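In this text, residue positions in the sequence shown follow this note's numbering: the first is 230, and each later residue adds one. Note that the Cβ used here is the ideal one computed from N, Cα and C, for glycine as well. All figures in this text were calculated on a predicted structure; none of them were measured in a lab. Just below is one structure, and these are the notes that go with it.
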Amino acid sequence: MNPCDVDDSSSPTFHSQFSTFAKKHRKLKDDLAAAIETIGRDYKNACDAARVPNRNFKEPIKEVWKYSIKSTDLQRSPKNGFRAVGVFLDEQSTDGKPRTMYLALFYFKGDQADFGKDELERAVAFIHSKIKAAREQS
Numbered sequence: 230m231n232p233c234d235v236d237d238s239s240s241p242t243f244h245s246q247f248s249t250f251a252k253k254h255r256k257l258k259d260d261l262a263a264a265i266e267t268i269g270r271d272y273k274n275a276c277d278a279a280r281v282p283n284r285n286f287k288e289p290i291k292e293v294w295k296y297s298i299k300s301t302d303l304q305r306s307p308k309n310g311f312r313a314v315g316v317f318l319d320e321q322s323t324d325g326k327p328r329t330m331y332l333a334l335f336y337f338k339g340d341q342a343d344f345g346k347d348e349l350e351r352a353v354a355f356i357h358s359k360i361k362a363a364r365e366q367s
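Okay, here's the thing in structure tokens:
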């Protein structure tokens, strides 16, 4: 098992993209919640997990994972539904503590085959600045 904490609230890009689809697909929120729970239990094997090869992503991106999210409304297989892209901004810890995966992008497979490197890096920049600001306040 490869557990992690999943943060789906830190990325305004993810939230905006997801909200656009959730307006049309009423059950998508429940579908995503089920996927997040599964990803949290085992991020390497959940939801047709695929680690994205290194595309020379800018710091602080350490790992990028892509997940197939089923759509009960569309009645399609997860492979033909939605994609959630999550990132780890920290290396795997040696103390066994689960890392936090930040969901950064969300898209419909029928609209685009893959996400762009620049799109992901912009989304992560928002997440990183939010985390940094929160750390400075505490």
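With DSSP run on the structure shown, which of helix, strand or coil describes D266? Position 37 of the sequence shown holds residue 266. Asp is not the amino acid found at residue 266; the sequence shown has Glu there. Correct three-state label for E266: helix.
How about F243 and A313: are their beta carbons less than 9 Å apart? Walking along the sequence shown from the start, residue 243 turns up at place 14. Walking along the sequence shown from the start, residue 313 turns up at place 84. Closer than 9 Å, so yes.
Which same chain residues, not among the five before or five after D236, have their C-beta less than 6 Å away from its C-beta? Position 7 of the sequence shown, counted from the start, is the residue given in the question as residue 236. Counting only Cβ-Cβ distances below 6 Å, and skipping sequence neighbours, we find T329 and Y331.
Per-residue burial, K291 [other beta carbons within 10 Å of its own, 16 or more giving buried]: If you number the sequence shown from 1, residue 291 lands on position 62. Counting other Cβ atoms within 10 Å of its Cβ, K291 stays below 16 and is therefore classed as exposed.
Is A333 closer than 9 Å to A352 when the C-beta atoms are compared? In the sequence shown, residue 352 corresponds to position 123, counting from 1. In the sequence shown, residue 333 corresponds to position 104, counting from 1. Yes, Cβ-Cβ distance for A352 and A333 is below 9 Å.
For Q366 and S238, what's the separation of their Cα atoms in angstroms? The residue given as residue 366 occupies position 137 in the sequence shown. The residue given as residue 238 occupies position 9 in the sequence shown. Their Cα atoms are separated by approximately 18 Å.
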